[in-house]
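One structure is given below, encoded as C-alpha cells.
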Amino acid sequence: MTVAGLLQHEAFSPVCLPDGEREICGVYIGDLLSWVMGRASAGNAWITIMSNINIVAVASLADTACILLAEGVTLSEEIVATANAKGINILASTLSAYELAVCLSRLL
Amino acid sequence: MNGQLTFHFDVDGSDFTSAGQASVQVKKDLRQLGLSPEIIRRVSIAMYEGEINMVIHAGGGTADVVVTEEEIEIILTDHGPGIRDIAQAMQEGFSTAPDNIRSLGFGAGMGLPNMKRYTDHMDIQSEVGVGTVVTMRVSIPK
Ligand SMILES: Nc1ncnc2c1ncn2[C@@H]1O[C@H](COP(=O)(O)OP(=O)(O)OP(=O)(O)O)[C@@H](O)[C@H]1O
Ligand SMILES: [Mg+2]
C-alpha cells in the first residue's frame, strides 16, 4: 500500500504528503530516535508521539516511508514546512500507537 | 568517479534545530554520486549520530567526509570534554545526556553502537578536557 492509500482509512489525516506514492513496507514503533535509526528498516511506516524537528531528519536518514503521529500529536507549521521541503510524508491520527499498529496490520 | 572527493562542515553546537544538516547534505551528495541506497543509509545515519553527539555532548565541532572509489571516510572532530571511558560509552544504553535532551528523543545511549553497526570500521580517539575524534569508514562494494 502507498502512503496516500492510507488516507482511505478514516483513522488517518494528512499533515504533509510530498511523496504520497511511496510504498509502505512494514512498521516500526518508537520514540527514542537512536533506536529508530538503529532498528527501523527503509520503507517502514514509523509510528511515534515525538513532535520536534529532529523527527524529520531521522525519517529522512532512516529512509522511512512516512511518519505516523499517534495520540493526536500535532506539529508546528515550521516543522511541516521542513518536512515538505525534505520530501517527508507525515500523517496524523488520534489513535494510540497500539491501535495504529493493529489498524496497519489489517491494511498492509 | 576519479580520485577523491572531500567535504567539510562546521557543526554548530548551539542550535539543536539545525543539528543534522551536515549529514543531510552528505546524503544528497552521495545520492548524486550514484551510490546505492543501502550504503547511503548506513553512512548518513552513522554520520548523523556522530554529528548529534558533537552537538549534545561537545558543543559542536567539524565533520570531514572523504569519498574514494573504495570507501567513504567520515572524521568528526570536537574540542568538547572528551570521553573518560570509551568502552563504557560504547555500551548500548549508556548515556550522560541531560533531561532536556532526553525529552527530544535523544539519550537512549544507542548512538555510538549504531555508528559501530552501520560502518565497517570505527575508531574513537579521546582525551578528557581536550576533545574527541571519531573516524568511521564504510567500504563501497565493487
Ligand atoms: N563527542 C563526544 N564528546 C563527549 N562525550 C561523548 C561524545 N560522544 C559520545 N559521548 C559520550 O558517550 C555517551 C554515549 O553516546 P551515545 O551516542 O551512544 O548515546 P547518547 O548520545 O547519550 O544517546 P543517543 O545517541 O541514543 O541519543 C554519551 O552519553 C556521552 O557521555
Ligand atoms: Mg548519541
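Note that the protein sequences, when read in sequence, are chains B and F.
Residue numbers are given in this note's numbering: position 12 of the first sequence equals residue 106, and the series is strictly consecutive.
Residue numbers are given in this note's numbering: position 93 of the second sequence equals residue 175, and the series is strictly consecutive.
From the three backbone atoms N, C-alpha and C, an ideal C-beta is built for every residue, glycine too.
Interface flag, residue 189/B vs chain F, CB-CB below 8 Å: no
DSSP state of residue 197/B mapped onto helix, strand, coil: helix
Residue 131/F beta carbon near ligand 1 (any heavy atom closer than 7 Å): yes
heavy atom of ligand 2 below 7 Å from residue 134/F C-beta: yes
Beta-carbon spacing of residue 162/B, residue 140/B below 8 Å: yes
Residue from 204/F, 222/F, 128/F and 208/F whose Cα sits closest to the Cα of residue 165/F: 208/F
is_contact[residue 129/B, chain F] using C-beta, thresh 8 Å: yes
Residue 188/F CB to nearest heavy atom of ligand 2 below 7 Å: yes
Residue(s) in a DSSP beta bridge with residue 72/F: In this structure chain F extends from 83 to 224, so residue 72/F is not present and cannot be described.
Buried or exposed (CB count within 10 angstroms, at least 16 for buried), residue 130/F: buried
With 16 other Cβ atoms within 10 Å as the buried cut-off, status of residue 191/B: buried
For residue 187/B and residue 167/B, the rounded distance between their alpha carbons: 8 Å
Limits of the beta strand (DSSP E) - the one that residue 160/F falls within: 153 to 160
Proximal residues to residue 115/B (C-beta, below 6 Å), its chain only, five neighbours per side dropped: 96
heavy atom of ligand 2 below 7 Å from residue 193/F C-beta: yes
Cut-off 7 Å between Cβ atoms - residues of its own chain near residue 93/F, not counting five sequence neighbours on either side: 104, 133, 136, 137, 142, 143, 144 and 145
Residue 109/F versus residue 201/F - alpha carbon distance: 15 Å
beta-carbon residue 170/B near ligand 2 non-hydrogen atom, thresh 7 Å: no
Residue 90/F versus residue 197/F: straight-line alpha-carbon distance, rounded: 19 Å
Against chain F: residues of the segment 147 to 167 of chain B by CB proximity under 7 Å: 147, 148, 151, 154, 155, 156 and 157
Neighbour-count burial assignment, residue 118/F, 16 or more Cβ in a 10 Å radius: exposed
Residue 120/F (DSSP reduced to helix, strand or coil): helix
For residue 184/F, three-class secondary structure by DSSP: helix
Touching by the beta-carbon criterion (3+ pairs, under 8 Å), the segment 105 to 125 of chain B and the segment 174 to 185 of chain B: yes
Candidates 171/B, 127/B and 120/B, of which the one nearest residue 143/B by Cα: 127/B
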